[in-house]
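Chemist: Residue numbering for the sequence shown follows our numbering, starting at -8 and increasing by one per position.
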Amino acid sequence: MMLHKKDIEELWRVTKMSNININDIKILRDKTSAGMSDCKEALKQCGGDIESAAKYLREKGLSNAQKKIDKEAKEGVIIAHIEEKSAAMVALNCESDFVARSSRFQVLAEKLVLLAHRNNSNDLDSFKRSDDNVNSSIEETIMNEVMVLKEKINLSEICYLDVKDGVVAGYVHSSIPSSEDASFYGNVPPIFGKIGALVALESKGDKEKLKALGKQLAIHIASMKPKALSVDHLDQKELESERLKITEDVKKLGKPEKVMENIISGRIAKYYEEVVLLEQFFLGEKIKVADLIKLSEAELNCTINLVDYKLFTICS
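1. Keeping to the same chain, check which residues put their C-beta closer than 7 Å to that of M(-7); ignore five residues upstream and five downstream.
2. Return the first residue and the last residue of the beta strand (DSSP E) that I278 is part of.
3. Mapping DSSP to helix, strand and coil, what is S87?
4. Taking the beta carbon of P181 as the centre, do at least 16 other beta carbons fall within 10 Å, making it buried, or is it exposed?
5. Compute the distance between the beta-carbons of K102 and D153, then report whether it is under 8 Å.
6. Looking at K185 and I278, is the spacing between their C-beta atoms short of 8 Å?
7. Hey, is the segment 105 to 114 in contact with the segment 257 to 264, meaning 3+ C-beta pairs nearer than 8 Å?
8. Less than 8 Å between the beta carbons of S87 and E142, yes or no?
9. One question on the structure: do L189 and G157 come within less than 8 Å of each other, judged by their Cβ atoms?
10. Taking G257 as part of the alpha helix (DSSP H), name the residues at either end of that continuous run.
11. Going residue by residue through the segment 68 to 145, where are the continuous beta strand (DSSP E) segments of at least 3 residues, counting only ones entirely within it?
12. Using the C-alpha atoms, what's the distance from E252 back to V90?
13. Whose C-alpha, out of R258, L230, A281 and L286, is nearest the C-alpha of V298?
14. Where do the ends of the beta strand (DSSP E) carrying I295 lie?
15. Would S232 be called buried (16 or more neighbouring beta carbons within 10 Å of its own) or exposed?
16. D153 bridges to which residues according to DSSP?
17. Give me whichever residues DSSP pairs with V158 in a beta bridge.
18. Helix or strand or just coil, what does DSSP make of G205?
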């Protein structure tokens, strides 16, 4: 970490009238990214031992992080890492839009999504306990960033999708600009947003055409926000609750029983069109998603199975 003139002046200030070595403060600051006054205090508490001071700062950071548990973290970013047959996506929350746009927070999000992809992770709690490649757990890594960024940070969602034969495609609505130095692992700037979707298509068709279809479907999902892939995937309790509400409303119309049955069936079908992906009209057009896939099957002369999708949103 390069020290500027004001940093050097601060170093001299915090070491004045103390026995703490100025170089040790710089080393500890580079190691932990903590403030220089905090580094001086940690070295003082630990008798000048840098490793003990680093541990002291981490523990202090974890302690301070606990105080932030009750705070709201409604801002943040969604980021996806997509390869041809697999993809991962994470939602990382923070308290302010300022931190969400910072390079340090975005680098953390990119690191987490790459680890989620490497670990094939769908279980959030297990992922947080896993190794981050530098002898710390993911949870500890996040808590260390809380210490530096001074905000509550919460990894709220992760997912991983893959297919044996076909493609995984995705879309992240890029409402958040990427910092110039945000990309930690590659030369291609990552895309950060508040809405992200992944789609898994099993098919032996042309990969490029499948990717194009998959991205269209992901854009549709990000826009229309379905609750389930198919009618069979709907939450049965929620479906029964909706059916009961519709039935009660229709009974108030005082129509003959046969007429009421037809009205109920029609409203249930309308409900499916609102919340079930395959039943939705593609981006509000006149063709349903299921029919769009059938047209693509005819074009590619092969079957296409939409096996799964994921949708993450950050509502600030």
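Built from N, CA and C at the ideal position, the CB exists for glycine as well.
Modeler: The structure says:
1. In the sequence shown, residue -7 corresponds to position 2, counting from 1. Any reading at M(-7) is ruled out, since the residue's pLDDT is 49, under 50, leaving its predicted position unreliable.
2. In the sequence shown, counting from the first residue as 1, residue 278 sits at position 287. Where I278 is concerned, there is no enclosing beta strand (DSSP E), given that its DSSP letter is neither H nor E.
3. For this step, residue 87 is matched to residue 96 along the sequence shown. Reduced to three states, the DSSP call for S87 is coil.
4. Stepping through the sequence shown from its first residue, residue 181 is reached at position 190. With 16 or more neighbouring CB atoms inside 10 Å of its own CB, P181 falls in the buried class.
5. Your numbering for residue 102 matches position 111 in the sequence shown. Your numbering for residue 153 matches position 162 in the sequence shown. In this structure, D153 does not lie closer than 8 Å to K102 by Cβ.
6. On the sequence shown, residue 278 is found 287 positions in, with the first residue counted as 1. On the sequence shown, residue 185 is found 194 positions in, with the first residue counted as 1. Against a cut-off of 8 Å, the Cβ pair of K185 and I278 comes out as no contact.
7. Touching, no, given that fewer than three Cβ pairs across the two stretches are closer than 8 Å.
8. Along the sequence shown, read from residue 1 onward, the residue named residue 87 stands at position 96. Along the sequence shown, read from residue 1 onward, the residue named residue 142 stands at position 151. For S87 and E142, yes; Cβs fall inside 8 Å.
9. Here residue 189 is taken as the residue at index 198 of the sequence shown, counted from 1. Here residue 157 is taken as the residue at index 166 of the sequence shown, counted from 1. No, Cβ-Cβ distance for L189 and G157 is not below 8 Å.
10. Position 266 of the sequence shown, counting from 1, holds the residue named residue 257. In this chain, the alpha helix (DSSP H) harbouring G257 covers E248 to V266.
11. Fully enclosed beta strand (DSSP E) runs of 3 or longer: 77 to 85.
12. By 1-based counting over the sequence shown, the position of residue 90 is 99. By 1-based counting over the sequence shown, the position of residue 252 is 261. So the alpha carbons of these two residues sit roughly 54 Å apart.
13. Mapped onto the sequence shown, residue 298 falls at position 307. Comparing Cα positions, the closest option is A281.
14. What you label residue 295 is simply residue 304 of the sequence shown in a count that begins at 1. Taken as a continuous stretch (DSSP letters only), the beta strand (DSSP E) holding I295 covers I295 to T304.
15. As a first step, residue 232 is located in the sequence shown; it is residue number 241 there, counting from the start. So S232 counts as exposed.
16. Within the sequence shown, numbered from 1, the residue matching residue 153 stands at position 162. Bridge partners of D153: S77.
17. Numbered from its first residue, the sequence shown carries residue 158 at position 167. L192.
18. Looking up residue 205 in the sequence shown gives position 214. Collapsing the DSSP output to three states places G205 in a helix.
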